[in-house]
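Novice:
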Amino acid sequence: MTHGTTRPAGPHRQAGPPIHRGVHRRALRRAAILAAVLLSASAGAAPPAQRGRTMPTLTAVPFTRVTIRDRFWAPRRQTNRKVSIPHSLDMLEKAGNVRNFEIAAAGAREGYSGPVFMDSDLYKAIEAASCSLATSRDAALERRLDGIIATIAAAQMPDGYLNTHYQVNEPDRRFTNLRDNHELYCAGHLFEAAVAHYQATGKRTLLDVAIRCADHIDGVFGPGRRMGYPGHPEIELALVKLWRVTGEKRYLDLAHFFVVSRGEGFFAREHGTPPEKYDGAYWQDDVPIREHRQIKGHAVRAGYLLSGVVDLLMQEDDPGLRAMVERVWRNTTERRLYLTGGMGPSAHNEGFTTDYDLPNRTAYQETCASVAVAMWAHRLSLLHGDAAYVDVMERALYNSFLAGVSLDGRLFFYVNPLESAGTHHRAEWFGCACCPPNVARTLAALGGYLYAVSNGSLYVNLYVQGSASTEVAGVPVALEVTTGYPWEGLVKLALKPERPARFALRLRVPGWSRGAVAAINGKSVARPRVEKGYIVLERTWRAGDIVELEIPMPAERIAANPRVKENRGQIALQRGPLVYCLEACDQSTPVRDIAVPAGAVFRPEWRPKLLGGVTVLVGTGAVADPDAWERRLYAPPPLPLPVPVVAVPYCAWDNRAPGAMRVWLPTAPPAEAAAGPEGRAEVSLSFQNGNCQPEGINDGLEPSSSGEQPPALLHWWPHKGGTEWARYTWKRPVAVSGARVYWFDDTGRGECRLPSNWHMEYLDDGAWKSIAASEYPVRKDAWCEISFAAVRTTALRLVVEMQPGWAAGVHEWRVVAPDADPAPPGA
Numbered sequence: 009m010t011h012g013t014t015r016p017a018g019p020h021r022q023a024g025p026p027i028h029r030g031v032h033r034r035a036l037r038r039a040a041i042l043a044a045v046l047l048s049a050s051a052g053a054a055p056p057a058q059r060g061r062t063m064p065t066l067t068a069v070p071f072t073r074v075t076i077r078d079r080f081w082a083p084r085r086q087t088n089r090k091v092s093i094p095h096s097l098d099m100l101e102k103a104g105n106v107r108n109f110e111i112a113a114a115g116a117r118e119g120y121s122g123p124v125f126m127d128s129d130l131y132k133a134i135e136a137a138s139c140s141l142a143t144s145r146d147a148a149l150e151r152r153l154d155g156i157i158a159t160i161a162a163a164q165m166p167d168g169y170l171n172t173h174y175q176v177n178e179p180d181r182r183f184t185n186l187r188d189n190h191e192l193y194c195a196g197h198l199f200e201a202a203v204a205h206y207q208a209t210g211k212r213t214l215l216d217v218a219i220r221c222a223d224h225i226d227g228v229f230g231p232g233r234r235m236g237y238p239g240h241p242e243i244e245l246a247l248v249k250l251w252r253v254t255g256e257k258r259y260l261d262l263a264h265f266f267v268v269s270r271g272e273g274f275f276a277r278e279h280g281t282p283p284e285k286y287d288g289a290y291w292q293d294d295v296p297i298r299e300h301r302q303i304k305g306h307a308v309r310a311g312y313l314l315s316g317v318v319d320l321l322m323q324e325d326d327p328g329l330r331a332m333v334e335r336v337w338r339n340t341t342e343r344r345l346y347l348t349g350g351m352g353p354s355a356h357n358e359g360f361t362t363d364y365d366l367p368n369r370t371a372y373q374e375t376c377a378s379v380a381v382a383m384w385a386h387r388l389s390l391l392h393g394d395a396a397y398v399d400v401m402e403r404a405l406y407n408s409f410l411a412g413v414s415l416d417g418r419l420f421f422y423v424n425p426l427e428s429a430g431t432h433h434r435a436e437w438f439g440c441a442c443c444p445p446n447v448a449r450t451l452a453a454l455g456g457y458l459y460a461v462s463n464g465s466l467y468v469n470l471y472v473q474g475s476a477s478t479e480v481a482g483v484p485v486a487l488e489v490t491t492g493y494p495w496e497g498l499v500k501l502a503l504k505p506e507r508p509a510r511f512a513l514r515l516r517v518p519g520w521s522r523g524a525v526a527a528i529n530g531k532s533v534a535r536p537r538v539e540k541g542y543i544v545l546e547r548t549w550r551a552g553d554i555v556e557l558e559i560p561m562p563a564e565r566i567a568a569n570p571r572v573k574e575n576r577g578q579i580a581l582q583r584g585p586l587v588y589c590l591e592a593c594d595q596s597t598p599v600r601d602i603a604v605p606a607g608a609v610f611r612p613e614w615r616p617k618l619l620g621g622v623t624v625l626v627g628t629g630a631v632a633d634p635d636a637w638e639r640r641l642y643a644p645p646p647l648p649l650p651v652p653v654v655a656v657p658y659c660a661w662d663n664r665a666p667g668a669m670r671v672w673l674p675t676a677p678p679a680e681a682a683a684g685p686e687g688r689a690e691v692s693l694s695f696q697n698g699n700c701q702p703e704g705i706n707d708g709l710e711p712s713s714s715g716e717q718p719p720a721l722l723h724w725w726p727h728k729g730g731t732e733w734a735r736y737t738w739k740r741p742v743a744v745s746g747a748r749v750y751w752f753d754d755t756g757r758g759e760c761r762l763p764s765n766w767h768m769e770y771l772d773d774g775a776w777k778s779i780a781a782s783e784y785p786v787r788k789d790a791w792c793e794i795s796f797a798a799v800r801t802t803a804l805r806l807v808v809e810m811q812p813g814w815a816a817g818v819h820e821w822r823v824v825a826p827d828a829d830p831a832p833p834g835a
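Last residue of the sequence shown? That's 835 in our numbering, and every number before it is there in order.
See the structure below:
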């Protein structure tokens, strides 16, 4: 389990309801204190005290002081509140997460279900629900949480220990496998959930459970006590949150102990591994924490650990830790971060490999890792006051993170590839269900990422229509924002300080933008001061002052560093903060054949009825001429054929008909020689179920064996026995004189076997005619080839007779063109 212009086309801007001007300072401060730590998984509010600070930090405006009323985020947050959060709680009850606490409360020693980290997913869902309650009261949801929390409290041991896996299965083996069994990780999510629930409801029911658990852990670990730290970091940042709400410094000190102890080889001793054979990179435990030079190991663990480190730096500067974080950040963003803002290319370790290794189809890019990128980047933006960190946070939130949940809020991605043959889809839930509640808690507290304040500045980090209230330079200030962002680049900010006040309004200029201009009360600001990526507008502000920021937002072609070998000769499309992709359902030709030549121009087009309302990019791509090399060995380079192309935001893909998807697109059409006539055929079947991918039969991927499980597979399961067919159809007649078939057989794990026999047919003047071949072989782990007298046709049919009681499937069906043109049918 687990960074003066013309406005482009887009929706009309709409202003939200006005903010009341009479904001009383006492009420504002009280609300700010109550909400100070309720900031999703991201760091936020200033601590009660700071020790030895040498670097200024900002304070995030709590999400409880932010209202979101835009066309982009507001509908997704509404769906999160009404659908995703209740769905998550339902699925957690169904999966046994809640039942585990009931069993532990009863003192049972059997009946536990699920992996060792089951508790954490319930805690994240409680945090999501609590954050939702903080901004949208819901009596039924609050009662439901009360019941779940009562069960959790009943399960806690008298000494404060709480972990249902160990309480039920191994009560005498607590803290004996910190590397793998997630006790401290689960406790961290308990602390975050407890803080969120307390700040949302004022109830101490879960907070008291968290305090007793934290006290127990603090009694076990720390200087002068036991050495140890979590295999999956998380408790470090959670202890800081718990310290902020309770003022109990022991929690901050324990977080520091867990962080600075890391890398001293504890896991090798815990598991009896000789030091010379121990490689702790997966757990970020191979070198002392201050010596890390690149991001490594499991991606989510790395992101959570580094977020905890920044939390500590915001309380007390540590030059060694600070230098390490900045060094690893540069490595991440300059060599190991996906264009979509996610991280972690590899499935084998759910994490990192080497610099510039960023594959597309096999990209892991776990949704939780995208949350971790946003958390880490947000904390660094607060630590440094630098918009460069917000750029990465924005990229992750608008792309890799948001793709993690479907538009209807019921389906989720665990893995987020940048290319799919049409086989990758969201799921209702997972056995390791860390991602769905992580998405839910982040969406519920999204407002905490938008604004920040320092003693004399108000920072606007993300441009989202709505309102916010805070205090700047000792004066309560309300802010009303009107914008169509991310579809439009015009932002209008209405400031409403309680009384005239001098402070700096700092407007982030996104790193992707060029030529942003600002105006105050209709007057353009010439050569504004820019500091760390922010336009700084410092003056005495009065209620009614209006600031406008115009950010040009053209569609752009993005290239990757040539060291990213996967993307050489390819480009991606981006507009504003959004990365775009091609989906099969929008194209008139297969996605794999489409190129975007150097001269291709894309224009934004607002489509209110598509995917809940999106701006698509419309342009002209190119495909290879399918007949350019027919019966020719050498010729001048053929001119590509134009083809219309429509690109949609990556965050919205896989919400319609299943099909292929690509983010990175070639700049020249793929060579036709890579495939025969089958490569340009349309595929249809006699029968297709939900997990059958017809495009697998002609995707050109060479199987290594019949039992291999390919990215896309054509099969007729669960139909068994009987006769089925697959059909190739061409827009123009093609000549064929042979074929090769590679059968799928998943003996030992599934119900597909070799067929009993097969044959081919061709379409002649509306009638199907059998193709005579000397033999139709049926062989496993080999190509089954036939040759026949050449025919010219617009369709071929592969007819398969399945064994009784078994289904059948096909890896590849390839068509061979003849050496000479046959006579037309009927001649």
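No residue lacks a Cβ here, since even glycine has one placed at the ideal position from N, Cα and C. Just so it is clear, the structure is predicted and the values come from calculations on it, not from any experiment.
Under three-state DSSP, which class holds Gln-175?
Specialist: The residue you call residue 175 lines up with position 167 of the sequence shown. In the structure shown, Gln-175 sits in a helix (DSSP, three-state: H, G or I).
Novice: Could you tell me how far apart the beta carbons of Ala-720 and Glu-703 are, in whole angstroms, since I believe they sit closer than 8 angstroms?
Specialist: Residue 720 sits at position 712 when you count from the first residue of the sequence shown. Residue 703 sits at position 695 when you count from the first residue of the sequence shown. Rounded, the Cβ-Cβ distance is 5 angstroms, consistent with contact.
Novice: Within 10 Å of its beta-carbon, does Ala-563 have 16 or more other beta-carbons around it, so buried, or fewer, so exposed?
Specialist: Reading the sequence shown from its first residue, position 555 is the one you call residue 563. With 16 or more Cβ atoms within 10 Å of its Cβ, Ala-563 is classed as buried.
Novice: In chain order, what residues of the same chain have a beta carbon less than 6 angstroms from the beta carbon of Arg-822, not counting five sequence neighbours either side?
Specialist: By one-based count along the sequence shown, residue 822 stands at place 814. So the qualifying residues of the chain are Gly-684, Glu-686 and Arg-748.
Novice: With H, G and I counted as helix, E and B as strand and the rest as coil, what does DSSP make of Ser-414?
Specialist: Here the question's residue 414 lines up with position 406 in the sequence shown. Judged by DSSP in its simplified three-state form, Ser-414 adopts coil rather than helix or strand.
Novice: For Pro-650, which residues does DSSP report across the bridge?
Specialist: As a working note, residue 650 is residue 642 in the sequence shown. Answer is Ala-630, bridged to Pro-650.
Novice: At the level of alpha carbons, what is the spacing between Gly-280 and Gly-273?
Specialist: Along the sequence shown, read from residue 1 onward, the residue named residue 280 stands at position 272. Along the sequence shown, read from residue 1 onward, the residue named residue 273 stands at position 265. Distance between the alpha carbons of Gly-280 and Gly-273 is about 11 angstroms.
Novice: Considering only DSSP beta bridges, list what Arg-735 is partnered with.
Specialist: Walking along the sequence shown from the start, residue 735 turns up at place 727. DSSP, once it has assigned bridges, lists Ser-692 and Arg-805 as partnering Arg-735.
Novice: Mind checking Ala-307: buried by the 16 CB within 10 Å criterion, or exposed?
Specialist: Position 299 of the sequence shown, counted from the start, is the residue given in the question as residue 307. By the neighbour-count rule (16 or more Cβ atoms within 10 Å), Ala-307 is buried.
Novice: Look at the Cβ atom of Met-126, then the Cβ atom of Trp-437, and state whether they are nearer than 7 angstroms.
Specialist: On the sequence shown, residue 126 is found 118 positions in, with the first residue counted as 1. On the sequence shown, residue 437 is found 429 positions in, with the first residue counted as 1. No, the pair does not count as a contact, with Cβ atoms beyond the cut-off.
Novice: What is the rounded straight-line gap between the Cα of Leu-458 and the Cα of Ala-113?
Specialist: Translated into the one-based positions of the sequence shown, residue 458 becomes position 450. Translated into the one-based positions of the sequence shown, residue 113 becomes position 105. Rounded to whole angstroms, Leu-458 to Ala-113 spans 41 angstroms at the Cα level.
Novice: Is it right to say Leu-470 is buried, meaning 16 or more other beta carbons lie within 10 angstroms of its own, or is it exposed?
Specialist: The count along the sequence shown starts at 1 and reaches residue 470 at position 462. Classification for Leu-470: buried.
Novice: Is DSSP giving Met-768 helix, strand or coil here?
Specialist: The count along the sequence shown starts at 1 and reaches residue 768 at position 760. In the structure shown, Met-768 sits in a strand (DSSP, three-state: E or B).
Novice: Do Ser-354 and Ser-378 count as a contact pair if the criterion is CB distance below 7 angstroms?
Specialist: Walking along the sequence shown from the start, residue 378 turns up at place 370. Walking along the sequence shown from the start, residue 354 turns up at place 346. Not a contact, by the Cβ cut-off of 7 angstroms.
Novice: Cα separation between Leu-214 and Ala-396?
Specialist: For the purposes of this step, residue 214 is taken as residue 206 along the sequence shown, with counting starting at 1. For the purposes of this step, residue 396 is taken as residue 388 along the sequence shown, with counting starting at 1. Using only the alpha carbons, I get a separation of about 37 angstroms.
Novice: Are there 16 or more other CB atoms within 10 angstroms of the CB of Tyr-642, so buried, or fewer, so exposed?
Specialist: As a position in the sequence shown, residue 642 is number 634, starting the count at 1. Taking all protein chains in view, the Cβ of Tyr-642 is surrounded by fewer than 16 other Cβ atoms within 10 Å, so the residue is classified as exposed.
Novice: Please give the ranges of any alpha helix (DSSP H) in the region 394–440, keeping only runs that are unbroken, at least 4 residues long and fully inside the region.
Specialist: Qualifying alpha helix (DSSP H) stretches, in chain order: 395–403.
Novice: May I have the straight-line CA-CA distance separating Pro-785 from Pro-650, to the nearest angstrom?
Specialist: On the sequence shown, residue 785 is found 777 positions in, with the first residue counted as 1. On the sequence shown, residue 650 is found 642 positions in, with the first residue counted as 1. If I take the Cα positions, the gap works out to 41 angstroms.
Novice: Assuming Arg-344 contacts Glu-427 (C-beta within less than 8 angstroms), just tell me the rounded distance between them.
Specialist: Position 336 of the sequence shown, counted from the first residue, corresponds to residue 344. Position 419 of the sequence shown, counted from the first residue, corresponds to residue 427. Actually they are not in contact, since the Cβ atoms of Arg-344 and Glu-427 sit about 18 angstroms apart, beyond 8 angstroms.
Novice: So within the region 518–581, which uninterrupted beta strand (DSSP E) runs reach at least 3 residues, ignoring any that extend past its ends?
Specialist: 525–528, 537–539, 542–549, 553–558 and 563–566
Novice: Enumerate in chain order the residues of its own chain whose CB-to-CB distance from Val-609 is below 7 angstroms, with the five nearest sequence positions on each side excluded.
Specialist: Numbered from its first residue, the sequence shown carries residue 609 at position 601. Contacts found: Gly-627.
Novice: Cutting at 7 angstroms between CB atoms, please list the residues of its own chain near Asp-754, excluding the five before and the five after it.
Specialist: Residue numbering aside, residue 754 sits at position 746 when the sequence shown is read from its first letter. For Asp-754, where only same-chain residues beyond five positions count, the Cβ hits under 7 angstroms are Gly-715 and Cys-760.
Novice: Span of the beta strand (DSSP E) holding Tyr-459?
Specialist: Here residue 459 corresponds to residue number 451 of the sequence shown, with the count starting at 1. Segment 459–462, the beta strand (DSSP E) holding Tyr-459.
Novice: Three or more C-beta pairs closer than 8 angstroms, one from the region 255–264 and one from the region 215–232: is that the case here?
Specialist: They touch, by the three-pair rule.
Novice: Could you check whether the Cβ of Gly-155 sits closer than 6 angstroms to any heavy atom belonging to the ligand FMN?
Specialist: Summarising the ligand content, the structure contains no ligands, and the ligand FMN is consequently not present.
Novice: So, for Trp-251: in the same chain, excluding its five sequence neighbours on each side, which residues have a beta-carbon less than 6 angstroms away from its beta-carbon?
Specialist: Position 243 of the sequence shown holds residue 251. Only Tyr-259 and Leu-260 meet the Cβ criterion.
Novice: Please classify Asp-167 as buried or exposed, where buried requires at least 16 other C-beta atoms within 10 Å of its C-beta.
Specialist: Residue 167 sits at position 159 when you count from the first residue of the sequence shown. When all chains shown are included, Asp-167 counts as exposed.
Novice: In the DSSP assignment, find the beta strand (DSSP E) that holds Trp-821 and state where it starts and stops.
Specialist: What you label residue 821 is simply residue 813 of the sequence shown in a count that begins at 1. Element bounds for Trp-821: 817–824.
Novice: For Phe-109, name the three-state secondary structure that DSSP assigns.
Specialist: Here residue 109 refers to the residue found at position 101 of the sequence shown. In the three-state reduction of the DSSP assignment, Phe-109 falls in the helix class, which pools H, G and I.
Novice: Which term fits Ala-195, buried or exposed, when burial requires 16 or more other beta carbons within 10 angstroms of its beta carbon?
Specialist: As a first step, residue 195 must be located in the sequence shown, where it is residue number 187. It counts as buried.
Novice: Start and end of the beta strand (DSSP E) containing Arg-117?
Specialist: Numbered from 1 along the sequence shown, position 109 holds the residue referred to as residue 117. Taken as a continuous stretch (DSSP letters only), Arg-117 belongs to no beta strand (DSSP E), as it is neither H nor E.
Novice: Select from Arg-600, Trp-520 and Gly-552 the residue whose C-alpha is nearest the C-alpha of Ile-6.
Specialist: No information on residue 6 is available, as it lies outside the stretch 9 to 835 that the chain covers here.
Novice: In or out: Pro-70 buried (at least 16 other Cβ within 10 Å) or exposed?
Specialist: Start at 1 with the first residue of the sequence shown, and residue 70 comes out as number 62. The residue is buried, with at least 16 neighbouring Cβ atoms inside 10 Å.
Novice: Would DSSP call Ile-243 helix, strand or coil?
Specialist: Counting from 1 along the sequence shown, the entry for residue 243 is found at position 235. Of the three classes helix, strand and coil, the one that applies to Ile-243 here is helix, per DSSP.
Novice: Report buried or exposed for Gly-552, applying the criterion of at least 16 other Cβ atoms within 10 angstroms of its Cβ.
Specialist: Indexing the sequence shown from 1 puts residue 552 at position 544. Exposed, by the Cβ-count rule.
Novice: Starting from Phe-266, trace the alpha helix (DSSP H) in both directions and tell me its first and last residue.
Specialist: Here residue 266 refers to the residue found at position 258 when the sequence shown is read from its first residue. Taken as a continuous stretch (DSSP letters only), the alpha helix (DSSP H) holding Phe-266 covers 257–269.
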